[in-house]
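What follows is the structure, encoded as structure tokens:
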């Protein structure tokens, strides 16, 4: 690890994620049809698109929950290959939050958060718990540390999931429809935690249908359709002046 | 530390109750009824119900009377009393019995240590205490009848003392070191017992008889087949075709024949399959067969449990950077195994009872001991008593395991949906 060439990280400081012509098939179905984009350090990118457009597949390729079939993905200077060590290094730099929370139901909240730091980073128990308590405070639920996930509301569970992802001190956070499984009154508490994270300078890719969130914190909006990156722009320009017909149609449908 | 387990479920129930207030008020809970009311509502609510209750009650009463009259009046239990040692250890030489006691003391001390260092408080309500006391008194009464020897009584008293000492030491020395000692103790328990039985001109496997044999064979089968079964289950889901094929073949072949056939295989065929020069005692070969047979079933039970774990758990574990091994050990298996507790314990109970098949292939296990006891001229015609007593001991063990499984389920089910 110490012998890692320094120039690699200096050239890569600004470009956290580089995707070049990323393609992915599920059998004969083409989920990604050549995605090329670059995401800079500290950038908050919101991904929009109809279901089945490949947006979820795209971010799942970034931390190798899916294997891309063609093209290149480079995360913080590390190219994604089949090499397991590479994959594990990249994964430990990326936190991910899922639509269905996916907390570990057999572990208490605090143990959910400390599991990876203790077992992957090899932190001592005291250090990882201290960090976990800090993170739970940051997402606003320090009093739930001793409970089990099933005892929490959906919004609280999702905030635990955010704390769990942050516990590995990632450089990048991926959000795959983090509020879609939540009751309306709980969406705000999760979005607030995400906004706070965005303001702290985290590089984020967020798949969401929350237009308000996109307008408020996104630096850029990507619009996916049929496996293609159809349009990308700043939120202002994207929402006020969409260029493509498909974008216009989509926006008219979700804003109606 | 107070933890309000399942608080949300209470809230949910209240919500349901609030919505269905009418229905709830119309159905008073059983606790509000006097015994007379309960009887009226549940047993004599309609004429048909009343007839059923009376008939069933008479039948149950008559059966109970007949059984009790036979057990405590007609039947002569001297045969069991005389042969109690035969039941327990068969033809194990009496002057070597200290070896068994040593093993017992080791295990009991360890159980005490384990319980002590876990540091759980007993939270028994009155009902629980009454039930426990009744069971304890029945057990002591049974032993009072069966055991005369003051030596055995003092040794049993010593067992209780060893248990309490273990609890005390475990509680005082709680912590990481104690946990390690307990773990090491359990890992060494079986080798210790086997060594103590045989060391320094000890007793060979041929004379491990009676209940001792059932316990040894059952414990070996259970303890070894559990990890092997897990490995087989994981192998069956492996992405490597060679590993998968071997595991599937093993599981399917083993499950394809009855246990009895496998035991015969172990006795008659296994010696020819062993490398030349390797000779295993018959009982060891049979234990291997128990283990192999049980492993296949454990593998399928674990596979069922693994299927119950949502794929999101795999993704979440991978996303936080866990390697495949850690993912399985820390996230997937704990959930999968918890789901399998009822099926797993049920299988182990069945395996334990199946150790009585040893009686048919020439071993003196407890069932065979029962047959031997009633075969002597002195106790001719007493096989009802001898077999029932063997059944009682099997039942006690099986029932204890089943209760233990329920406790385990409750403990591990905490906070989970």
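Residue numbers (this note's numbering), protein chains in the order written: chain V, 1 to 256; chain W, 1001 to 1417.
Quick reminder that beta carbons are idealized off the backbone N, C-alpha and C, glycines included.
- With its beta carbon less than 9 Å from one in chain V, residue 1412/W belongs to the interface.
- Comparing alpha-carbon positions, the option among 140/V, 204/V, 130/V, 89/V lying closest to residue 217/V turns out to be 204/V.
- Counting along the chain, the unbroken beta strand (DSSP E) around residue 233/V starts and ends at 228-233.
- Residue 83/V has its alpha-carbon roughly 19 Å from the corresponding atom of residue 121/V.
- Residue-level contact check: residue 1323/W touches chain V, since one or more beta carbons of chain V fall below 9 Å from its beta carbon.
- Ranked by how close their Cα comes to the Cα of residue 219/V, the residues 28/V, 41/V, 33/V have 41/V in first place.
- Within the segment 91-107 of chain V, those residues whose Cβ lies closer than 7 Å to any Cβ of chain W are, in chain order, 91, 92, 96, 98, 100, 102, 104, 105, 106.
- At the C-beta level, residue 125/V and residue 167/V stay beyond 9 Å of one another.
- DSSP, read as helix, strand or coil, puts residue 1280/W in coil.
- Where residue 160/V is concerned, there is no enclosing beta strand (DSSP E), although the alpha helix (DSSP H) around it starts and stops at 154-166.
- Remark: three or more beta-carbon pairs, one from each stretch, lie closer than 8 Å, so the segment 1288-1302 of chain W and the segment 1343-1362 of chain W are flagged as touching.
- Around residue 164/V, the beta-carbon contacts reaching into chain W at under 7 Å are 1320.
- Within a 10 Å sphere around the beta-carbon of residue 112/V sit 16 or more other beta-carbons, which makes this residue buried.
- Proximity of residue 115/V to chain W, defined by a Cβ-Cβ separation below 9 Å, is satisfied.
- Counting only runs of 3 or more residues that sit fully inside the segment 18-104 of chain V, the beta strand (DSSP E) segments are 29-40, 44-48, 70-75, 94-97, in chain order.
- Shown here, residue 220/V sits in a strand according to DSSP, grouped into three states.
- Given a length threshold of 4 residues, each whole run of the alpha helix (DSSP H) inside the segment 1302-1379 of chain W is given here in chain order: 1311-1319, 1333-1354, 1366-1375.
- Burial check for residue 1302/W: the Cβ neighbour count within 10 Å reaches 16 or more, so the residue is buried.
- Put simply, the CB of residue 1315/W is near chain V, with a gap under 9 Å to one of its CB atoms.
- The C-beta of residue 117/V has 16 or more other C-beta atoms within 10 Å across all chains shown, which makes the residue buried.
- In this structure, the straight-line span from the alpha carbon of residue 45/V to that of residue 107/V is close to 32 Å.
- Of the candidates 186/V, 35/V, 150/V, 171/V, 171/V places its Cα closest to the Cα of residue 198/V.
- Only residues of its own chain outside the window of five on either side were considered, and among them 223, 230, 231 have a CB closer than 7 Å to the CB of residue 247/V, listed in chain order.
- Residue 109/V and residue 136/V have their C-alpha atoms spaced approximately 9 Å apart.
- In the displayed model, residue 1291/W falls within a helix according to three-state DSSP.
- Its Cα nearest to that of residue 1172/W, the residue 1115/W stands out among 1136/W, 1220/W, 1115/W, 1129/W.
- When Cβ pairs closer than 8 Å are counted between the two stretches, the segment 1368-1381 of chain W is seen not to touch the segment 1228-1247 of chain W, the count staying below three.
- When beta bridges are read from the DSSP output, residue 172/V appears opposite 94/V, 203/V.
- Nearest to residue 213/V by alpha-carbon distance, out of 226/V, 225/V, 189/V, 227/V, is 189/V.
- Chain-ordered, the chain W residues with CB closer than 8 Å to the CB of residue 65/V read 1315, 1318, 1319.
- Distance from the CA atom of residue 1079/W to the CA atom of residue 1335/W, rounded to whole angstroms, is 49 Å.
- Chain-ordered, the chain W residues with CB closer than 9 Å to the CB of residue 168/V read 1320, 1321.
- In the structure shown, the three-state DSSP call for residue 210/V is coil.
- The straight-line gap separating the alpha-carbon atoms of residue 1183/W and residue 1284/W is approximately 25 Å.
- Looking at the DSSP output, residue 15/V bridges to 40/V.
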